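Enquirer: Numbering (this note's numbering), first residue to last: -15 to 479. The beta carbon of each residue, even a glycine, is placed where N, CA and C say it ideally should be. Treat the numbers as computed from the prediction; the structure is a model and nothing was measured. Below is the structure I would like to discuss, written out as structure tokens.
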Amino acid sequence: MGTNDKPKTRVAFVLIDGIGDVSLPRYRYRTPLQVAKIPNLDAIASAGVNGLMDPVEPGLACGSDTAHLSLLGYDPRVYYRGRGAFESMGAGLAMSPGDIAFKSNFATMDTNTGVVISRRADRHFEEEGPILCAALDGMKLSAFPEYEVRVRYATEHRCGVVVKGSNLSGNISGTDPLKDNRLLLKAEALDDTFEAKNTAAVVNELSKEISQILVSHPLNKKRAEEGKNIANVVLLRGCGIRIEVPTFEKKHGLWPCMVAPTKIIAGLGLSVGIDILEAPGATGDYRTLLTSKATAIAKALSAPLQLCPRVFVPGGDDHKPGQANGYDFGFLHVKAIDDAGHDKASLFKVRGLEAVDRAIGQLARILWEAESTGNFQYSLCVTGDHSTPVEYGDHSFEPVPFTLCRLVDYVGAVGGETVVMATPLDAFPLPKVEAGEDLKEDFEVSEDSKSKDCKAFAGDSVCEFSEIAASRGCLGRFPGSEMMGVIKKFLQLKA
Ligand SMILES: [Zn+2]
């Protein structure tokens, strides 16, 4: 790059799924973010601008997919068509307009009564799931031979199912009873169109024929002999068609990439034209390798495109022209924190946040090395898609903290270049938390250490990253639909 060229402004966007929480009595009415030791996140907040964000709208507890659409600038009230297509595209299944897809579970049914005994045949299905999916993939429906069925393994007990053909509708109910020990449901048309009624008939036939294939599969015989639940039904829910939207690049003028081992998020990214990058070892669950994700994003924001290996491109489309120097918007998705919230695992949420903080330190170091070449000027942004308080074990409506700073200010806030460059880049596992273990003396000592002596470095007066501190930020409280506007304006101001 010539010396006359302005450095390119780029942003590393870290989305911590389920980050928001509430004040916990056992942590003396502090949130997990407030008790976690997160010096890097605190430095970002201290270095930049902060606020509280309602991912879709105030008071709405939303799903991750709905929230992500909103944050990326696509109003879910206009564009959302169910999660089935996201899940399936994320699992690597190609979808054309008019195709329908389901978010699906391998489950166990009592074939005599039709009652679904367990909606998850097995949480650890990484080896057997792909084998069963291969047995189902390409199956033909005897009553509806004109349709093509594609099945691909996703994660844990989940898979993606796509039906390809004409006269299909996404407006049908699914077969999943949503609770254990309830009857398997029949798909029903949710409107009066021929397409919806036809689709319901096709799906009921599909459900039946899937079970016939599964029941006679040798793998299920083996599971039965071992005393395990057999996977004899695939629950089909969240029927959806592929959304048709302008691409992220068209909408925002930034070339986007994403590291999201969670298939539904990757599929959502693909649906809006975001490239999904490889991050070896990152799995989207508790064993996820945060360092690998951080490295992949940092590289994508600084390296030529051919050095950024992508995973599955369902459309088969190639890199777009005019984009030789890597990506402008690097989206790093972290799932483990949401899992901790669902599991009501407060200590794991705290320790998990500390691990994410460490990975963000690694991301910042690699980006700082790239910024030192003079070719790039980076910003860091961290937020979440919804709250998953450990008290409730589910998504809830509280807004999430949002923070955005220039990398150069982060370096100042964290203690200077020597501190940044001393960050080790070796991979580390997520912390193990023993059952019954919780914060003890550790927490007593650090109880007041945060707020008292902290001072903002730049931006607004916020100097730590938490739900409470963010409420005092200069961005105030804003809806997720405005987030990309905030980020783009910040990049322009700082360019
Ligand atoms: Zn969740």
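Please report the residue range of the alpha helix (DSSP H) in which L409 lies.
Expert: For the purposes of this step, residue 409 is taken as the residue at position 425 of the sequence shown. L409 -> no alpha helix (DSSP H), and no H or E assigned at all.
Enquirer: Measuring alpha carbon to alpha carbon, tell me which residue in D160, V147 and S255 is nearest H99.
Expert: Along the sequence shown, read from residue 1 onward, the residue named residue 99 stands at position 115. Correcting the residue type first, residue 99 is Val in the shown sequence and not His. When each option's Cα is compared against that of V99, the closest is D160.
Enquirer: Sort P385, E353, A419 and Y394 by Cα distance to E451 and report the nearest one.
Expert: Indexing the sequence shown from 1 puts residue 451 at position 467. Minimum Cα distance to E451 is reached at P385.
Enquirer: Is E130 buried or exposed, if buried means 16 or more other CB atoms sit within 10 Å of its CB?
Expert: Position 146 of the sequence shown, counting from 1, holds the residue named residue 130. It is exposed - the Cβ of E130 has fewer than 16 other Cβ atoms within 10 Å.
Enquirer: If you run the structure through DSSP and keep just helix, strand and coil, what is T24?
Expert: For the purposes of this step, residue 24 is identified with residue 40 of the sequence shown, where counting begins at 1. First, the amino acid is wrong: residue 24 is Asn here, not Thr. Reduced to three states, the DSSP call for N24 is helix.
Enquirer: What is the rounded straight-line gap between the Cα of F462 and the Cα of G43?
Expert: The residue labelled residue 462 in the question sits at position 478 within the sequence shown. The residue labelled residue 43 in the question sits at position 59 within the sequence shown. Whole-angstrom Cα-Cα distance: 13 Å.
Enquirer: Which residues mark the beginning and the end of the beta strand (DSSP E) in which I225 is found?
Expert: Locating residue 225 in the sequence shown gives position 241, counting from the first residue. Taken as a continuous stretch (DSSP letters only), the beta strand (DSSP E) holding I225 covers V217 to I225.
Enquirer: Pick from V(-2), R(-6) and T(-7): whose alpha carbon is nearest that of V243?
Expert: Here residue 243 refers to the residue found at position 259 of the sequence shown. Nearest option by C-alpha distance: V(-2).
Enquirer: Secondary structure at F474, three-state DSSP: helix, strand or coil?
Expert: Locating residue 474 in the sequence shown gives position 490, counting from the first residue. Helix, per DSSP.
Enquirer: Mind reading off the beta-carbon distance from K247 to G74? Whole number of angstroms is fine, and I expect it under 8 Å.
Expert: Translated into positions along the sequence shown, residue 247 becomes position 263. Translated into positions along the sequence shown, residue 74 becomes position 90. Contact holds; Cβ gap of about 3 Å.
Enquirer: What residues in its chain sit with their C-beta under 6 Å from that of I350, if we drop five residues either side in the sequence?
Expert: For the purposes of this step, residue 350 is taken as the residue at position 366 of the sequence shown. Closer than 6 Å at the Cβ level, and outside the excluded window around I350, lie A282.
Enquirer: Pick helix, strand or coil for T402, following the three-state DSSP scheme.
Expert: Stepping through the sequence shown from its first residue, residue 402 is reached at position 418. Correct three-state label for T402: helix.
Enquirer: Between H326 and ligand 1, is there a pair consisting of the residue's CB and a ligand heavy atom that are separated by less than 7 Å?
Expert: Position 342 of the sequence shown, counting from 1, holds the residue named residue 326. Yes, the beta carbon of H326 sits closer than 7 Å to at least one heavy atom of ligand 1.
Enquirer: Does ligand 1 have even one heavy atom less than 7 Å from the beta-carbon of D322?
Expert: For the purposes of this step, residue 322 is taken as the residue at position 338 of the sequence shown. Yes, the Cβ of D322 comes within 7 Å of a heavy atom of ligand 1.
Enquirer: Could you give the distance in angstroms between the alpha-carbon of G122 and the alpha-carbon of S48?
Expert: Looking up residue 122 in the sequence shown gives position 138. Looking up residue 48 in the sequence shown gives position 64. The alpha-carbon atoms of G122 and S48 are separated by roughly 30 Å.
Enquirer: Mind checking who T367 pairs with in its DSSP beta bridge?
Expert: Taking the sequence shown and counting its residues from 1, one reaches residue 367 at position 383. Paired residues: L(-1).
Enquirer: By DSSP, does Y131 sit in helix, in strand, or in coil?
Expert: The residue labelled residue 131 in the question sits at position 147 within the sequence shown. Coil at Y131, not helix or strand.
Enquirer: Using a threshold of 7 Å, is the CB atom of S48 nearer than that to any non-hydrogen atom of ligand 1?
Expert: Along the sequence shown, one-based indexing puts residue 48 at 64. Correct: S48 has its Cβ closer than 7 Å to ligand 1.
Enquirer: Taking all protein chains shown into account, decide if G211 is buried (16 or more other Cβ within 10 angstroms of its Cβ) or exposed.
Expert: As a working mapping, residue 211 is identified with position 227 in the sequence shown. Classification for G211: exposed.
Enquirer: I260 and L254 look like a contact to me (Cβ under 8 Å); what is the Cβ gap, rounded to whole Å?
Expert: Counting from 1 along the sequence shown, the entry for residue 260 is found at position 276. Counting from 1 along the sequence shown, the entry for residue 254 is found at position 270. Yes, they are in contact, since the Cβ atoms of I260 and L254 sit about 6 Å apart, within 8 Å.
Enquirer: On the DSSP letters alone, give me the boundaries of the alpha helix (DSSP H) that T387 sits inside.
Expert: As a first step, residue 387 must be located in the sequence shown, where it is residue number 403. Premise fails: T387 lies in the beta strand (DSSP E), V384 to R390, not in any alpha helix (DSSP H).
Enquirer: Could you check if H52 belongs to the surroundings of ligand 1, using beta carbon to heavy atom distance under 7 Å?
Expert: Taking the first residue of the sequence shown as position 1, residue 52 is located at position 68. Checking every heavy atom of ligand 1 against the Cβ of H52, none is found closer than 7 Å.
Enquirer: Just to confirm my understanding: we take D1, look at its own chain, exclude 5 residues before and 5 after, and list those with CB closer than 7 Å. What are they?
Expert: Against the sequence shown, residue 1 aligns to sequence position 17. The residues are S48, H317, V318, K319, I321, D322, G368 and D369.
Enquirer: Please say whether C292 and C365 have beta carbons closer to each other than 8 Å?
Expert: The count along the sequence shown starts at 1 and reaches residue 365 at position 381. The count along the sequence shown starts at 1 and reaches residue 292 at position 308. Cβ atoms of C365 and C292: not closer than 8 Å.
Enquirer: Whose C-alpha, out of K148, M467, L53 and L125, is nearest the C-alpha of I249?
Expert: Here residue 249 is taken as the residue at index 265 of the sequence shown, counted from 1. With distances taken between Cα atoms, I249 lies closest to L53.
Enquirer: In terms of alpha-carbon separation, which member of L337, L219 and S286 lies closest to T357?
Expert: Position 373 of the sequence shown, counting from 1, holds the residue named residue 357. If we check each option's Cα against that of T357, S286 comes out closest.
Enquirer: What's the call for D422, buried or exposed, on a 16-neighbour Cβ count within 10 Å?
Expert: Along the sequence shown, read from residue 1 onward, the residue named residue 422 stands at position 438. Exposed.
Enquirer: Could you tell me which whole beta strand (DSSP E) segments of length 3 or greater appear in the segment 178 to 261?
Expert: DSSP runs (the beta strand (DSSP E)) wholly in the segment 178 to 261: 217 to 225 and 240 to 243.
Enquirer: How would you call T(-7), buried or exposed, if buried means at least 16 neighbouring beta carbons within 10 angstroms?
Expert: Counting from one through the sequence shown, the residue named residue -7 turns up at place 9. T(-7) comes out buried.
Enquirer: Pick out whichever of F70, D341, V186 and K205 has its Cα sitting closest to the Cα of P16.
Expert: As a working note, residue 16 is residue 32 in the sequence shown. Comparing Cα positions, the closest option is D341.
Enquirer: In this structure, how does DSSP classify A282 when only helix, strand and coil are distinguished?
Expert: Along the sequence shown, read from residue 1 onward, the residue named residue 282 stands at position 298. Three-state result, A282: helix.
Enquirer: Quick one: is K87 buried, meaning 16 or more other Cβ sit within 10 Å of its Cβ, or exposed?
Expert: Within the sequence shown, the letter at position 103 stands for residue 87. By the 10 Å Cβ count, K87 comes out buried.
Enquirer: From V146 to E375, what distance separates their C-alpha atoms?
Expert: Along the sequence shown, read from residue 1 onward, the residue named residue 146 stands at position 162. Along the sequence shown, read from residue 1 onward, the residue named residue 375 stands at position 391. Looking at the two C-alpha atoms, the distance is approximately 36 Å.
Enquirer: Quick check: the segment 18 to 33 against the segment 332 to 339, are at least 3 beta-carbon pairs closer than 8 Å?
Expert: At 8 Å Cβ cutoff, the stretches touch.
Enquirer: Which residue wins for smallest C-alpha separation from D26, given the options A397, G469, G68 and S455?
Expert: Reading the sequence shown from its first residue, position 42 is the one you call residue 26. Here the closest residue by C-alpha is A397.
Enquirer: Is the segment 169 to 185 touching the segment 148 to 160 in the sense that three or more CB pairs, one from each, lie closer than 8 Å?
Expert: The segment 148 to 160 vs the segment 169 to 185: in contact.
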